[in-house]
Amino acid sequence: MRVAIIGAGLSGLACAHELIKNGIHPTIFEKKSHIGKDYLFSTTTLRVLDRTYKTSVKYLNQRYNLNLKSFSPLREIIMIAPQKKTVVRGKLGYIYMRGEAENSLERQLYNGLNTSILFDSYININDIKNDFDYIVAATGDETISKELGVWTTTFNVCTRVAMVLGNFKLDSTKMWVDNDYAKTCYGYLSPHSTKDARILLSIDNISCYELDHYWDKFIHKENIFHKTIEVKDIEFSIGTTSTAKVDNIYLVGNGAGVIDDFLGFGAVNALESGILAAHSIVKGIDYNDLISPIKKHVSKLHEFRKTMSRFDNKDFNRLISFLGLPPIKQLIYNNPLTKAKNFTFAAKIYNKIKEK
Ligand SMILES: Cc1cc2nc3c(=O)[nH]c(=O)nc-3n(C[C@H](O)[C@H](O)[C@H](O)COP(=O)(O)OP(=O)(O)OC[C@H]3O[C@@H](n4cnc5c(N)ncnc54)[C@H](O)[C@@H]3O)c2cc1C
Numbered sequence: 014m015r016v017a018i019i020g021a022g023l024s025g026l027a028c029a030h031e032l033i034k035n036g037i038h039p040t041i042f043e044k045k046s047h048i049g050k051d052y053l054f055s056t057t058t059l060r061v062l063d064r065t066y067k068t069s070v071k072y073l074n075q076r077y078n079l080n081l082k083s084f085s086p087l088r089e090i091i092m093i094a095p096q097k098k099t100v101v102r103g104k105l106g107y108i109y110m111r112g113e114a115e116n117s118l119e120r121q122l123y124n125g126l127n128t129s130i131l132f133d134s135y136i137n138i139n140d141i142k143n144d145f146d147y148i149v150a151a152t153g154d155e156t157i158s159k160e161l162g163v164w165t166t167t168f169n170v171c172t173r174v175a176m177v178l179g180n181f182k183l184d185s186t187k188m189w190v191d192n193d194y195a196k197t198c199y200g201y202l203s204p205h206s207t208k209d210a211r212i213l214l215s216i217d218n219i220s221c222y223e224l225d226h227y228w229d230k231f232i233h234k235e236n237i238f239h240k241t242i243e244v245k246d247i248e249f250s251i252g253t254t255s256t257a258k259v260d261n262i263y264l265v266g267n268g269a270g271v272i273d274d275f276l277g278f279g280a281v282n283a284l285e286s287g288i289l290a291a292h293s294i295v296k297g298i299d300y301n302d303l304i305s306p307i308k309k310h311v312s313k314l315h316e317f318r319k320t321m322s323r324f325d326n327k328d329f330n331r332l333i334s335f336l337g338l339p340p341i342k343q344l345i346y347n348n349p350l351t352k353a354k355n356f357t358f359a360a361k362i363y364n365k366i367k368e369k
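Here our numbering is used: the first residue of the sequence shown is 14, the next is one more, and so on.
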């Protein structure tokens, strides 16, 4: 069976992994000359948003035998709104390295692959459509889904990722919300070592030319004095697809609409969609059926996004205070069975309080 994978990112590599396990050796095309993005960043998974009753590490390991090592467990999140601050502690999730770092998710997957990748190969789907039995579109964006006419954008984001120097705790992250510089998105600091971290600022519905302006506001308002040694600006769209398979083409990862537009988390879903595309190819099971639990979860989080898209700073202050209330902390962070269900419940309580 001839299978092509376009893109050696999370979903493409996870798909390759699973195909090879089942005796199918795909042809993998990657437009860059190497694995991972051109910049270093990290990825957080939050237990409260994990789709199943297991953490991301356990879930991928036990369900798919995918043994991916995190950079650090996440034990503390400091949440800052214009006039409120909340610190939550507990077994909150994991931080994973990304990009070219030796221990990045992409590198771990690549090192476990028993096949070569065709680097420097930018692929247009129409050029290879007839040369393979199946094509897995794993480009991390909506280009192919759009070409196939199955894509709807729900959210446009510009993000600045800055590498900063200072003193950092490996298991602690910081999150800032403020309409003035992040609109209804957020700023986020995650450690990469005790001496360096990445600060991310995501802003919805702006042009990336405006990033300097928002970034200046952010660092001045939050008194961020870390020395910045590298900056990268990224523009991306989050959206949904009406189907994730068109003829012999499988859409996986971001291009399948499995990244949520609430916080922009899509790493675990990307990995899982790649694995499920491989299952569909190997076993002939309907791919849309296989990924429907992921899509349902993402659309649930879209409801939170719709609410948050109307937030002003008063709402953010109220939300951050609410998330710091002891019973709420207990309900959504320190409960071993905490999942999006509890989060939905907490959101309902929040809406009730807000209406009063
Ligand atoms: C700065 C940033 C921070 C993030 N933080 C988090 C987080 O904290 N938690 C979380 O869960 N998610 C996070 N995400 C989202 C997560 O990284 C993505 O959802 C995930 O990487 C999507 O995987 P993918 O396989 O779809 O795409 P990618 O991993 O982006 O891989 C796509 C690959 O395809 C290649 N490619 C593209 N077009 C072509 C072509 N035509 N021909 C050949 N190759 C091509 C690209 O070069 C790339 O290697 C973050 C994303 C960014 C950008």
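For glycine and all other residues, C-beta sits at the position ideal for the given N, C-alpha and C. Computed from a predicted model, the values in this text were never measured in an experiment.
Checklist entry - What distance in whole Å lies between the Cβ atoms of Met110 and Ser24, which are believed to be in contact at a cut-off of 8 Å? => result The beta-carbon separation of Ser24 and Met110, rounded to 18 Å, does not stay under the 8 Å limit for a contact.
Item to check | Val170 versus Asn218, Asn143, Tyr194 and Val163, residue with shortest Cα-Cα distance | outcome: When the alpha-carbon of Val170 is set against those of Asn218, Asn143, Tyr194 and Val163, the nearest one is in Asn218.
Next on the checklist: With a threshold of 8 Å, are at least 3 pairs of Cβ atoms found where one atom belongs to the segment 135-154 and the other to the segment 171-187?
Outcome noted: Contact fails: fewer than three Cβ-Cβ distances are below 8 Å.
Item to check | Segment contact flag, the segment 211-230 with the segment 263-271, C-beta cutoff 8 Å, min 3 pairs | outcome: By the Cβ test, the segment 211-230 is not in contact with the segment 263-271, since fewer than three Cβ pairs between them sit closer than 8 Å.
Checklist entry - Can you give the Cα-Cα distance for Phe181 and Ser286, rounded to whole angstroms? => result Our two residues, Phe181 and Ser286, have alpha carbons roughly 34 Å apart in a direct line.
Next on the checklist: Alpha carbons only, please: which of Gly49, Gly297 and Leu183 is nearest the one belonging to Leu87?
Outcome noted: Closest in C-alpha terms to Leu87, from the list Gly49, Gly297 and Leu183, comes Leu183.
Item to check | Nearest candidate by alpha-carbon position, reference Ile33, set Lys44, Lys45 and Ala17 | outcome: Of the residues Lys44, Lys45 and Ala17, the one whose Cα lies closest to the Cα of Ile33 is Ala17.
Item to check | Inter-residue spacing [alpha-carbon to alpha-carbon] between Asp27 and Lys319 | outcome: Before going further, note that residue 27 is Ala rather than Asp in the sequence given. Straight through space, the alpha carbons of Lys319 and Ala27 are spaced by roughly 31 Å.
Checklist entry - If you compare alpha carbons, which of Asp191, Lys245, Ser220 and Glu89 is closest to Ile212? => result When each option's Cα is compared against that of Ile212, the closest is Lys245.
Next on the checklist: With H, G and I counted as helix, E and B as strand and the rest as coil, what does DSSP make of Leu59?
Outcome noted: Three-state DSSP puts Leu59 in a strand.
Item to check | Anticipated Cβ contact below 8 Å, Ile19 with Ala29, distance rounded | outcome: Rounded, the Cβ-Cβ distance is 11 Å, inconsistent with contact.
Checklist entry - Whole-angstrom Cβ separation of Ile242 and Met92, contact assumed at under 8 Å? => result Contact flag wrong, Cβ pair sits at about 26 Å.
Item to check | Cα-Cα separation between Thr254 and Trp164, rounded to whole angstroms | outcome: Per the coordinates, the alpha-carbon of Thr254 lies some 5 Å from the alpha-carbon of Trp164.
Checklist entry - Per DSSP, what kind of secondary structure is Ile209 in: helix, strand or coil? => result Sequence check: residue 209 is Asp here, not Ile. In this structure, Asp209 counts as strand in the three-state DSSP scheme.
Item to check | Paired residues, beta bridge with Val101 - DSSP | outcome: According to DSSP, Val101 bridges with Ile90.
Next on the checklist: Give me, in chain order, the residues of the same chain whose beta-carbon lies closer than 6 Å to that of Phe329; leave out the 5 immediate sequence neighbours on both sides.
Outcome noted: The answer, listed in chain order, is Ala94 and Val190.
Next on the checklist: Is the separation between the beta-carbon of Thr166 and that of Ser322 shorter than 8 Å?
Outcome noted: Taking 8 Å as the cut-off, the Cβ atoms of Thr166 and Ser322 do not count as close.
Checklist entry - What are the uninterrupted segments assigned as alpha helix (DSSP H) that are 4 or more residues long and contained completely in the segment 256-298, given in chain order? => result DSSP runs (the alpha helix (DSSP H)) wholly in the segment 256-298: 280-296.
Checklist entry - What does a CB cutoff of less than 6 Å around Phe317 pick up in its chain, not counting 5 residues either side in sequence? => result Cβ neighbours of Phe317 beyond the five flanking positions: Phe275.
Next on the checklist: Quick check on Met249: does DSSP put it in helix, strand or coil?
Outcome noted: Contrary to the premise, residue 249 reads as Phe rather than Met in this sequence. Here Phe249 sits in strand by DSSP.
Next on the checklist: Going by DSSP in three states, Val174 sits in which element: helix, strand or coil?
Outcome noted: Here DSSP, grouped into helix, strand and coil, assigns Val174 to strand.
Item to check | Contained beta strand (DSSP E) runs [length at least 3] in the segment 211-242, N- to C-terminal order | outcome: Qualifying beta strand (DSSP E) stretches: none in this window.
Next on the checklist: Distance check for Asn78 and Ala269, CA to CA, integer angstroms please.
Outcome noted: When rounded, the distance between both Cα atoms is 23 Å.
Next on the checklist: Quick check: the Cα distance between His310 and Asp63, rounded to an integer number of angstroms?
Outcome noted: Cα to Cα, His310 sits roughly 9 Å from Asp63.
Next on the checklist: Using 8 Å for Cβ pairs, my map puts Glu155 next to Ser250. What's the rounded Cβ distance?
Outcome noted: So it is a contact: roughly 6 Å between Cβ atoms.
Checklist entry - Tell me which same chain residues have a C-beta within less than 6 Å of the C-beta of Lys187, skipping the five on either side of it? => result The residues Ile91 and Leu202, in chain order, have a CB closer than 6 Å to that of Lys187 in the same chain once the five nearest residues on each side in sequence are set aside.
Checklist entry - Span of the beta strand (DSSP E) holding Lys187? => result Its beta strand (DSSP E) spans residues Ser185 to Trp189.
Next on the checklist: Helix, strand or coil for Gly25? Go by DSSP, reduced to three states.
Outcome noted: Note: Gly25 maps to helix in three-state DSSP.
Next on the checklist: At the level of alpha carbons, what is the spacing between Ala257 and Lys44?
Outcome noted: Looking at the two C-alpha atoms, the distance is approximately 22 Å.
Next on the checklist: When you compare the CB positions of Ala283 and Asn301, do they come within less than 8 Å of one another, or not?
Outcome noted: Their beta carbons are not under 8 Å apart, which means Ala283 does not touch Asn301 by this criterion.
Next on the checklist: I'd like to confirm something about Thr58: is its beta-carbon nearer than 7 Å to some heavy atom of ligand 1, or not?
Outcome noted: Answer for Thr58: yes, Cβ within range of ligand 1.
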